[in-house]
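*Asks:*
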Amino acid sequence: MMLRVLQTVLTFLPFFATVVVAQPAGEPVLLNQLGFYPKSPKIALVRNASSDTYTIRLKGTSRAVFSGQLGPVGTNPHSGKQARVADFSALQTPGIYEVYLSDGAVSPPFEIRENIHRELAHAALKGFYYQRASTPLPGKYAGKWHRPAGHPDTVVFVHPSASSPNRPAGARIASPGGWYDAGDYNKYVVNSGITTATLLALYEDFPQFTRGFAVRIPESGNRIPDLLDEALWNIRWLLTMQDPGDGGVYHKLTNPKFDGTVMPHAAREIRYVVQKSVTATLDFAAVMAQSARIFGSFKRQLPGLSDSCLAAAEKAWIWAENNPQVYYDQGFMNRTFDPDIVTGAYGDRNSADELTWAAAELYLTTRNKKYLTAIDLQATSPLPVPSWSQVLPLACYSLLRHERTLPSEAKPLLRTATAKLLAAADALSDDLAKTPFYTAMGRTAGDFVWGSNAVAANQGILLLQAYRLTNKTHYLHTASGNLDYLLGRNATGYCFVTGFGSKRVLHPHHRPSAADAVAEPVPGLLAGGPNPGQQDQCNSYPGNNPDESYTDVYCSYASNEIAINWNAPLVYLSWALEALHEK
Ligand code: 9MR
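Per the working numbering, the very first residue in the sequence shown carries number 323; after that it's consecutive.
1) With three or more C-beta pairs closer than 8 Å as the rule, is the stretch 858–866 touching the stretch 779–787?
2) Assuming residue 775 contacts residue 818 (C-beta within less than 8 Å), just tell me the rounded distance between them.
3) Residue 602: buried (16+ other C-beta within 10 angstroms of its C-beta) or exposed?
4) Taking a contact to mean a Cβ-Cβ separation below 9 Å, would you say residue 604 touches residue 553 in this structure?
5) Whole angstroms are fine: how far does the CA of residue 707 sit from the CA of residue 486?
6) I need the residues with a C-beta less than 5 Å from some heavy atom of the ligand 9MR; please give them in chain order.
7) For residue 648 versus residue 599, is the C-beta distance shorter than 9 Å?
8) Using the beta-carbon count (16 or more within 10 Å), is residue 833 buried or exposed?
9) Measuring alpha carbon to alpha carbon, tell me which of 466, 460, 408 ends up nearest residue 472.
10) Can you give the Cα-Cα distance for residue 393 and residue 796, rounded to whole angstroms?
11) Look at the Cβ atom of residue 828, then the Cβ atom of residue 874, and state whether they are nearer than 9 Å.
12) Taking all protein chains shown into account, decide if residue 895 is buried (16 or more other Cβ within 10 angstroms of its Cβ) or exposed.
13) Between the beta-carbon of residue 762 and the beta-carbon of residue 781, is there less than 9 Å?
14) Report the CB separation of residue 870 from residue 852 in whole angstroms; it is logged as a contact under 8 Å.
15) Does DSSP classify residue 912 as helix, strand or coil?
16) Taking the alpha carbon of residue 391 as the reference point, which residue from 403, 411, 400 has its own alpha carbon closest?
17) Around the Cβ of residue 587, are there at least 16 other Cβ atoms within 10 angstroms (buried) or fewer (exposed)?
18) Less than 7 Å between C-beta atoms, sequence neighbours within five positions excluded: which residues of the same chain meet that for residue 525?
19) From which residue to which residue does the beta strand (DSSP E) around residue 365 run?
20) Along the beta strand (DSSP E) that carries residue 787, what are the first and last residues, could you check?
21) What residues in its chain sit with their C-beta under 8 Å from that of residue 744, if we drop five residues either side in the sequence?
22) Find the nearest neighbour of residue 515 within the set 651, 607, 568, judged by alpha-carbon distance.
23) Would you say residue 851 reaches chain D, if we count a Cβ-Cβ gap shorter than 9 Å as a contact?
24) Would you mind working out which of 841, 735, 716, 728 sits nearest residue 519, comparing C-alpha positions?
25) Which residues does DSSP pair with residue 886 in a beta bridge?
26) Express the C-alpha separation of residue 807 and residue 447 in angstroms, rounding to a whole number.
27) I'd like the ranges of any alpha helix (DSSP H) spanning at least 4 consecutive residues and lying wholly in the stretch 489–558.
28) Kindly indicate which three-state DSSP category residue 712 falls into: helix, strand or coil?
29) Would the stretch 730–739 and the stretch 688–705 be scored as touching if the rule is three or more Cβ pairs under 8 Å?
30) Determine the extent of the alpha helix (DSSP H) in which residue 738 is found, giving its start and end residues.
31) With a Cβ-Cβ cutoff of 9 Å, do residue 376 and residue 435 count as a contact?
32) Touch check for the stretch 639–653 and the stretch 741–759: three-plus C-beta pairs under 8 Å?
33) With distance defined between alpha-carbon atoms, name the residue in 474, 453, 366 nearest to residue 846.
34) Does the distance from the CB of residue 637 to the CB of residue 700 come in under 9 Å?
35) CA-CA distance, residue 727 and residue 488?
36) Per DSSP, what kind of secondary structure is residue 475 in: helix, strand or coil?
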């Protein structure tokens, strides 16, 4: 009998094999694996449906509580694969559910409830605590990911490229604290600029709600919101990156080469501050001006800090005025000075956007007209989505945030900022039915860059800024759709935040997660996401399609690293959605 069965199987194997190969790989149902607010839109994507209908059951029961029709077949231009939309927005009763298809396929479980993204938002902010340099992470705060202090950075050398009269090559400075940039242990001013600004913007947009954002860090309970305490960990480091002699800001604090895959405390390479740059100095000026404004309301808890931040910002501005062409060029630096530095470059040869952003923040804080006249919002058209190399939108957001307090002479700028922001939000949110994931994210292949998941999160922030301006729910829902994308409604079926979802990221390119003895990676970290550049040349990518170019292996620094500038917009998006649904 057994033999007959085996023979039958073998006889049919070629046929089945052909059929299996012809089937597009992947999960049959793609959706946000955490879930939905009761009143928010609820969309799943169904692949290879064998009938036009689906049902939804309470998890663990066989009783359908909802049944629906699938939408028309759509073809994903990035992969040629087909999918249909299941829209069950009408289901609003709290519970844990699964989508069922007539052929027996089941979705990952998801929940409908208020505060559905609260744990995610908390974990995403706590992710910054895990990135702290120069301090131990005790079990009390870090749980099983506790670790000794790494990189004290109390002795850092001035690289020959950074020499100045008061600080010649080889001079020692102390520059402790700050966050590790990403899966590596270096600290880069440009990237930590937009990161810190994004966290501070969340505070400025939702100051009251932010007080409830408590994530159990050593500073918790010090009468400063945890969000600001965490930002301060980096702001205090940033202050040390300014040369007190001339106000210029070192581009980065780094090893010559990336550390091996070791825990932070086991990494003992010599560290340098390298060449000052106009982009780092302007980003620094912007963050310090924003910090001065915010910490001006915390003078009792933080005496002198606001004034120090403003003085640092104005000094940096002057340096940038006098050094407008001093870009960071790692290749040139290595040809000219030793030792060579081969860590992340964050090179950017256009500082018009950094200038406008710094001018806007300085103007908002000081109301000094010289900064107002330096703001040029037309520098890029149409308005791009922010990234470490493109910060112009941050100027628009900040000006609009403070619109009501600005004098008539700022009105033309505000009109421009509004028009640019709404045009960009419309371009992201129009005709969602024509997009591969029914989301702003992934409309074009150009979204799939290194760190594409941060493109999704930053698009979400842009849409939320438009929502704050207009109150149009379409913008809010489109922003929320991008969070759905990050949490599972994407071509890979992964929930991209460590520690969350049913198809999890387990092997991020993150040195502590790889080198510690804990099986699970450090939680709350957003993986970079699909990146058809595949610069790491790992051999486990499932193919070359832009939206599928992701592989959950440590090797994949181009698709599976984590980074502070990717986590910050996740913090913003998840926490802002919590705040807006609370109303
Ligand atoms: O996010 C950065 C991406 O835009 C660049 O294309 C890439 C290559 O230069 O670098 C990325 O940033 C990395 C940085 O250089 C070093 N730390 C890890 C960062 C995330 O991968």
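By construction, the Cβ of each residue, glycine as well, lies at the ideal position given by its N, Cα and C atoms.
*Replies:* This is what the structure gives:
1) The answer is no - the stretch 858–866 does not touch the stretch 779–787, with fewer than three Cβ pairs under 8 Å.
2) Position 453 of the sequence shown holds residue 775. Position 496 of the sequence shown holds residue 818. The beta carbons of residue 775 and residue 818 sit about 5 Å from each other, so the pair counts as a contact at 8 Å.
3) In the sequence shown, counting from the first residue as 1, residue 602 sits at position 280. By the neighbour-count rule (16 or more Cβ atoms within 10 Å), residue 602 is buried.
4) Within the sequence shown, numbered from 1, the residue matching residue 604 stands at position 282. Within the sequence shown, numbered from 1, the residue matching residue 553 stands at position 231. In this structure, residue 553 does not lie closer than 9 Å to residue 604 by Cβ.
5) Taking the sequence shown and counting its residues from 1, one reaches residue 486 at position 164. Taking the sequence shown and counting its residues from 1, one reaches residue 707 at position 385. Distance between the alpha carbons of residue 486 and residue 707: 36 Å.
6) Result: 503, 504, 506, 666, 772, 773, 883, 885.
7) As a working note, residue 648 is residue 326 in the sequence shown. As a working note, residue 599 is residue 277 in the sequence shown. Yes, these two residues count as a Cβ contact at 9 Å.
8) Taking the first residue of the sequence shown as 1, we reach residue 833 at position 511. Taking all protein chains in view, the Cβ of residue 833 is crowded by 16 or more other Cβ atoms within 10 Å, so the residue is classified as buried.
9) Residue 472 sits at position 150 when you count from the first residue of the sequence shown. With distances taken between Cα atoms, residue 472 lies closest to 460.
10) Mapped onto the sequence shown, residue 393 falls at position 71. Mapped onto the sequence shown, residue 796 falls at position 474. If I take the Cα positions, the gap works out to 20 Å.
11) In the sequence shown, residue 828 corresponds to position 506, counting from 1. In the sequence shown, residue 874 corresponds to position 552, counting from 1. The Cβ-Cβ distance between residue 828 and residue 874 falls below 9 Å.
12) The residue you call residue 895 lines up with position 573 of the sequence shown. In this structure residue 895 is buried. Its beta-carbon is surrounded by 16 or more other beta-carbon atoms within 10 angstroms.
13) Here residue 762 refers to the residue found at position 440 of the sequence shown. Here residue 781 refers to the residue found at position 459 of the sequence shown. In this structure, residue 781 lies closer than 9 Å to residue 762 by Cβ.
14) For the purposes of this step, residue 870 is identified with residue 548 of the sequence shown, where counting begins at 1. For the purposes of this step, residue 852 is identified with residue 530 of the sequence shown, where counting begins at 1. The beta-carbon distance between residue 870 and residue 852, rounded to whole angstroms, is 6 Å. This is short enough to meet the 8 Å contact definition.
15) Because residue 912 is not part of the residues shown, which for the chain are 323 to 905, the question remains open.
16) Locating residue 391 in the sequence shown gives position 69, counting from the first residue. Per the C-alpha coordinates, the member of 403, 411, 400 positioned closest to residue 391 is 411.
17) Position 265 of the sequence shown holds residue 587. Counting Cβ neighbours within 10 Å, residue 587 comes out exposed, since fewer than 16 surround it.
18) Within the sequence shown, numbered from 1, the residue matching residue 525 stands at position 203. Same-chain partners within the cutoff: 532, 547, 549, 550, 616.
19) On the sequence shown, residue 365 is found 43 positions in, with the first residue counted as 1. Element bounds for residue 365: 365–368.
20) Taking the first residue of the sequence shown as 1, we reach residue 787 at position 465. Where residue 787 is concerned, there is no enclosing beta strand (DSSP E), although the alpha helix (DSSP H) it sits in stretches over 774–792.
21) Residue 744 sits at position 422 when you count from the first residue of the sequence shown. Answer for residue 744: 788, 791, 792, listed in chain order.
22) Stepping through the sequence shown from its first residue, residue 515 is reached at position 193. When only C-alpha atoms are compared, the closest one is 607.
23) No chain D appears in the structure shown, which is made up of a single protein chain.
24) On the sequence shown, position 197 is the one that residue 519 refers to. Checked all of 841, 735, 716, 728; the closest Cα to residue 519 is 716.
25) Taking the sequence shown and counting its residues from 1, the one referred to as residue 886 is at position 564. When beta bridges are read from the DSSP output, residue 886 appears opposite no residue.
26) Numbered from its first residue, the sequence shown carries residue 447 at position 125. Numbered from its first residue, the sequence shown carries residue 807 at position 485. Approximately 19 Å, taken between the alpha carbons.
27) Given a length threshold of 4 residues, each whole run of the alpha helix (DSSP H) inside the stretch 489–558 is given here in chain order: 511–527, 529–532.
28) Taking the first residue of the sequence shown as position 1, residue 712 is located at position 390. Strand at residue 712.
29) Yes, the stretch 730–739 is in contact with the stretch 688–705.
30) Looking up residue 738 in the sequence shown gives position 416. 733–751 is the extent of the alpha helix (DSSP H) around residue 738.
31) Looking up residue 376 in the sequence shown gives position 54. Looking up residue 435 in the sequence shown gives position 113. No; because the gap between Cβ atoms is not below 9 Å, this pair is not in contact.
32) These segments do not touch.
33) Residue numbering aside, residue 846 sits at position 524 when the sequence shown is read from its first letter. Distance from the Cα of residue 846 is smallest, within the candidate group 474, 453, 366, for 453.
34) Residue numbering aside, residue 637 sits at position 315 when the sequence shown is read from its first letter. Residue numbering aside, residue 700 sits at position 378 when the sequence shown is read from its first letter. Cβ distance not < 9 Å, so residue 637 and residue 700 don't count as in contact.
35) Position 405 of the sequence shown holds residue 727. Position 166 of the sequence shown holds residue 488. Distance between the alpha carbons of residue 727 and residue 488: 41 Å.
36) The sequence position of residue 475 within the sequence shown is 153, counting from 1. Correct three-state label for residue 475: coil.
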